[in-house]
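Student:
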Amino acid sequence: MALLTPLLAFLYHLPQVYKWLLKPYYVASLFMSIAFLMIRKTPGICEHLSTQREDGNPCDFDWREVEILMFLSAIVMMKNRRAITVEQHVGNIILFSKVANVILFFRLDIRMGLLYLTLCIVFLMTCKPPLYMGPEYIKYFNDKTIDDELERDNRVTWIVEFFANWSPECQSFAAVYADLSLKYNCAGLKFGKVDVGRYGDVSKKYKVSTSPLSKQLPSLVLFQGGKEVMRRPQVDKKFRAVSWSFTEENIIREFNLNELYQKSKKLNKTKGDRSDKVNESQFPTVPEEEEPELDNHKETETKKDK
Numbered sequence: 001m002a003l004l005t006p007l008l009a010f011l012y013h014l015p016q017v018y019k020w021l022l023k024p025y026y027v028a029s030l031f032m033s034i035a036f037l038m039i040r041k042t043p044g045i046c047e048h049l050s051t052q053r054e055d056g057n058p059c060d061f062d063w064r065e066v067e068i069l070m071f072l073s074a075i076v077m078m079k080n081r082r083a084i085t086v087e088q089h090v091g092n093i094i095l096f097s098k099v100a101n102v103i104l105f106f107r108l109d110i111r112m113g114l115l116y117l118t119l120c121i122v123f124l125m126t127c128k129p130p131l132y133m134g135p136e137y138i139k140y141f142n143d144k145t146i147d148d149e150l151e152r153d154n155r156v157t158w159i160v161e162f163f164a165n166w167s168p169e170c171q172s173f174a175a176v177y178a179d180l181s182l183k184y185n186c187a188g189l190k191f192g193k194v195d196v197g198r199y200g201d202v203s204k205k206y207k208v209s210t211s212p213l214s215k216q217l218p219s220l221v222l223f224q225g226g227k228e229v230m231r232r233p234q235v236d237k238k239f240r241a242v243s244w245s246f247t248e249e250n251i252i253r254e255f256n257l258n259e260l261y262q263k264s265k266k267l268n269k270t271k272g273d274r275s276d277k278v279n280e281s282q283f284p285t286v287p288e289e290e291e292p293e294l295d296n297h298k299e300t301e302t303k304k305d306k
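Under UniProt numbering, the first residue of the sequence shown is numbered 1, with each subsequent residue one higher.
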């Protein structure tokens with residue numbers, strides 16, 4: 001069952017996976033992930049490789065290579081059990097495939113291992129995974145606008161994501177957060193984002209560490225009346241994030257989004273009622289009794305004439 005669920009999820013999202021694979025980042029990652037496989041199986045190249053097989057066939061995996069691949073496949077399965085989105089599943093496969101390639105190339109030839117490791121470092125520094133560009137109701141803050149916006153209206157509740165573009169966890173969470181904003185955004189409940197990787201003063205003020213070791217990215221903070229009410233993940237005394245899964249179900253439950261949404265809709269109605277009253281005061285209605293008074297006045301004038 002543990003294998004069947006990820007497989008069904010992958011098949012369900014297969015058309016979307018094709019779109020990702022057509023992007024340059026994923027095309028290059030795919031070729032780097034299967035680099036050892038291509039070299040080991042390509043005729044004309046594999047004949048010149050060393051092997052530990054008993055039959056001496058250099059164009060097939062030996063027992064140690066199979067063992068390495070099986071071990072890293074088990075690690076990928078364990079990591080994907082905590083994955084939320086398809087991007088995370090694909091990202092885990094690509095990451096550990098590159099790790100396997102590094103080990104296999106170093107075992108085969110140290111020169112090939114150094115060359116492949118150099119390519120991985122250059123790729124990591126120059127290429128970044130594509131950012132989420134789908135629909136969302138999210139306001140992006142900078143170091144000058146976040147405080148003013150949070151304190152502008154005490155009746156408005158804000159959920160703010162502190163993220164960094166270089167963080168794979170933030171990139172995979174972007175689609176989940178955008179979907180929540182589409183479902184729950186309204187006049188009294190709004191969603192925001194601020195890039196703490198770019199604005200260091202914001203990360204210091206709101207105590208969100210950008211270190212990869214702290215595991216505080218992404219961080220979701222709930223603000224009411226301009227003050228922090230709760231955040232996920234929580235931070236312990238050593239300023240390390242407590243492990244927490246950023247699934248849509250967990251966020252809805254922990255932040256009481258359904259209850260907050262119902263309260264925010266009431267705030268929306270009160271704003272609408274006030275605007276109607278303002279419009280009525282600007283354009284007063286004419287009393288109905290004015291017309292008969294005009295008629296009586298006309299009758300008195302006719303009697304006097306007579």
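Every residue gets a Cβ at the ideal spot worked out from N, C-alpha and C, and that includes glycine.
(1) Around the C-beta of Glu54, are 16 or more other C-beta atoms found within 10 angstroms, so that it is buried, or is it exposed?
(2) Skipping 5 residues on each side, what residues in its chain have a beta carbon closer than 6 Å to that of Phe141?
(3) May I ask you to list the residues that DSSP assigns as paired with Thr157?
(4) Where does Asp109 sit, in a helix, a strand or coil, going by DSSP?
(5) Considering only their Cβ atoms, is the gap separating Lys139 from Lys190 smaller than 8 Å?
(6) Please tell me whether Glu136 and Ala187 are closer than 8 Å, where the distance is taken between their beta carbons.
(7) Is Asp55 helix, strand or coil when you go by DSSP?
(8) What are the boundary residues of the alpha helix (DSSP H) that Phe36 is part of?
(9) Since Phe239 contacts Ser219 with CB under 8 Å, what's their CB separation in whole angstroms?
(10) For Val242, does the three-state DSSP call read helix, strand or coil?
(11) Relative to the alpha-carbon of Val176, which residue among Glu249, Leu119, Ser264 and Asp148 has its alpha-carbon at the smallest distance?
(12) Please say whether Phe223 and Thr157 have beta carbons closer to each other than 8 Å?
(13) Take every Cβ of the segment 100–120, pair it with every Cβ of the segment 165–176, and state whether three or more of those distances are shorter than 8 Å.
(14) Under 8 Å, with one C-beta from each stretch per pair, do the segment 30–39 and the segment 95–102 reach the 3-pair mark?
(15) Helix, strand or coil for Tyr137, going by three-state DSSP, please let me know.
(16) Is it right to say Phe71 is buried, meaning 16 or more other beta carbons lie within 10 angstroms of its own, or is it exposed?
Tutor: Walking through what the data contain:
(1) exposed
(2) Gly192 and Val194
(3) Leu189 and Gln224
(4) coil
(5) yes
(6) no
(7) coil
(8) Ala35 to Lys41
(9) Their Cβ separation, rounded to whole angstroms, is 12 Å, which puts Phe239 and Ser219 out of contact at 8 Å.
(10) coil
(11) Glu249
(12) yes
(13) no
(14) yes
(15) coil
(16) exposed
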